[in-house]
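In the numbering used here, the protein residues as written are 1 to 423.
Glycine included, C-beta positions come from ideal geometry on N, C-alpha and C.
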Ligand SMILES: CC(C)(COP(=O)(O)OP(=O)(O)OC[C@H]1O[C@@H](n2cnc3c(N)ncnc32)[C@H](O)[C@@H]1OP(=O)(O)O)[C@@H](O)C(=O)NCCC(=O)NCCS
């Protein structure tokens, strides 16, 4: 058993769906005592959404709520409110991601929470920040990707697929939860200095925007220069920059080195027979050697990034030609010897069965009372003195009586709460 640094940190997990649960799950992996508070009877909506086995918690729930305990509580009933008040008095953090104003309407405004426990850290996810002109909106993942700049800068700028595009990665949900976790730990360290809790808020729009930093950089460069030299539109489609709005760049690299997704052997039938290939400026000579084009090392049309850029797509075409008889794995095995930044495009199926990911604990199998077991994504953060152990997500209300007893309620009081349907 490794040391768990967050042991003793008591968290009221008043979250649902993905953004909040991803945050509290991570803190639970690192040792926090996370008590998920759920509506009696139904619980977190993800328990029943997109089920793969009838009447058993869906994977959406199990994969976002491991290592937690579950308490059912109707916080709109007086008995439920009283329990939540007691929990607030005895906990370190309350995390919530309800729609705007829901916690206030329930009677737990920030002012009231401070009265109950001035040491408590209140951590919230909302779609937009406090005071924002859209602060009243409810927000889900894709809405946040649109509001935070990811959708307008992702996808194709021409052709049938042109238009804003959503990423499959949870830039709005889990990403916001990760930002919130950093905020919670910061407020916790702050409390060790001041003795006071504080309110920590992360808006999904802001968390997406924080990941779109380089696209904001491009907007600022575009304002100054009128074009973006590393975009695939440069220099043949300069009209793409005419409105001085950061265009979509397809699969182009976002940094100083051009890159693209290239076809490998079998792409005609395998939708993921591709690699990502990066042309690092200082690695040009090894690239020429790797792909059998030594003459490019001295040809002035190829020797500098500036000289290559006007025909970079032709260069990628030549590399694709070289890739024709190589699988994505064979290609990477050759390119790695030349120190070229590249990787296969992995499917979810490949990732699920990946030996390295299973060995490192990034993909783990977790025993579960009703499912038998489930596979999930483990901690992406690795420590030298902590090996996060992923344990099952709780059944709905599995720990209700246990948590109530810990709060000091006796058997009769607990029975009365059940009778009143408050738990
Ligand atoms: C995700 C979201 C769109 C879902 O909206 P929703 O399903 O309509 O749910 P809400 O969060 O608004 O909550 C609905 C109600 O349930 C109530 N509720 C929740 N848990 C309860 C409990 N244990 N007991 C009693 N009532 C409860 C809330 O108080 C709220 O009541 P009210 O609106 O009457 O005041 C919304 O919660 C939201 O915008 N959250 C913030 C942004 C966010 O995190 N989005 C990403 C989710 S992955």
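- Ranking 250, 255, 268 by CA distance to the CA of residue 261 puts 250 first.
- Under the DSSP assignment, residue 260 falls in the beta strand (DSSP E) whose first and last residues are 259–263.
- Fewer than three Cβ pairs drawn from the region 229–247 and the region 283–301 lie within less than 8 Å of each other, which leaves the two stretches out of contact.
- Between the region 385–393 and the region 66–81, the count of Cβ pairs shorter than 8 Å is three or higher; the stretches touch.
- Listed as beta-bridge partners of residue 372 by DSSP are 368.
- Counting only residues of its own chain and dropping the five nearest sequence neighbours on each side, residue 312 has a CB closer than 6 Å to the CB of 258.
- The C-beta distance from residue 276 to residue 345 rounds to 7 Å, short enough to meet the 8 Å contact threshold.
- Rounded to the nearest whole angstrom, the C-alpha separation of residue 128 and residue 88 is 25 Å.
- Residue 247 carries a coil assignment under DSSP once its states are collapsed to helix, strand and coil.
- Assigned with DSSP and collapsed to three states, residue 91 falls in coil, not helix or strand.
- A straight-line Cα-Cα distance of about 34 Å links residue 155 and residue 184.
- DSSP places residue 232 in the coil class of the three-state scheme, outside both helix and strand.
- Look at residue 342 here: in three-state DSSP terms it is strand.
- The region 26–68 contains, as complete alpha helix (DSSP H) runs of 4+ residues, the segments 59–62 (chain order).
- Within the model, the alpha-carbon separation for residue 172 versus residue 50 is close to 20 Å.
- Residue nearest to residue 322 within the set 336, 288, 404 is 288 (criterion: CA-CA distance).
- A residue is called buried when at least 16 other Cβ atoms come within 10 angstroms of its Cβ; residue 350 does not meet this threshold and is exposed.
- Within the region 81–134, complete beta strand (DSSP E) segments of at least 3 residues are found at 93–96, 121–126, given in chain order.
- DSSP places residue 270 in the coil class of the three-state scheme, outside both helix and strand.
- With distances taken between CA atoms, residue 310 lies nearest to 229 out of 326, 382, 229, 328.
- Not one heavy atom of ligand 1 is found less than 7 Å from the C-beta of residue 134.
- Distances between the C-beta of residue 204 and the heavy atoms of ligand 1 include at least one below 7 Å.
- For residue 377, the pairing in a beta bridge is given by DSSP as 363.
- If you draw a straight line from the Cα of residue 383 to the Cα of residue 361, it is about 12 Å long.
- When 190, 116, 319, 281 are compared, the shortest CA-CA separation from residue 306 is found for 281.
- Relative to ligand 1, the beta carbon of residue 142 is positioned no closer than 7 Å to any heavy atom.
- The alpha-carbon separation between residue 122 and residue 30 amounts to approximately 19 Å.
- In the DSSP assignment, residue 199 falls outside any alpha helix (DSSP H) and within the unbroken beta strand (DSSP E) covering 199–203.
- Using a cutoff of 7 Å, the CB of residue 17 counts as near ligand 1, since one of the ligand's heavy atoms is closer than that.
- Contact annotation: residue 79 and residue 417 have beta-carbon atoms nearer than 8 Å.
- Out of 158, 163, 159, the CA that lies nearest to the CA of residue 151 is found in 163.
- When C-beta atoms of the region 30–45 are compared with those of the region 1–19, three or more pairs fall below 8 Å, so the two segments count as touching.
- Between residue 143 and residue 177, the beta carbon gap of about 16 Å keeps them out of contact (Cβ cut-off 8 Å).
- Not one heavy atom of ligand 1 lies closer than 7 Å to the C-beta of residue 417.
- Judged by the Cβ position, residue 85 fails to qualify as a neighbour of ligand 1 at the 7 Å threshold, every heavy atom of the ligand being at least this far.
- Taking the Cβ atoms as the reference, residue 95 lies roughly 26 Å from residue 370, outside the contact range of under 8 Å.
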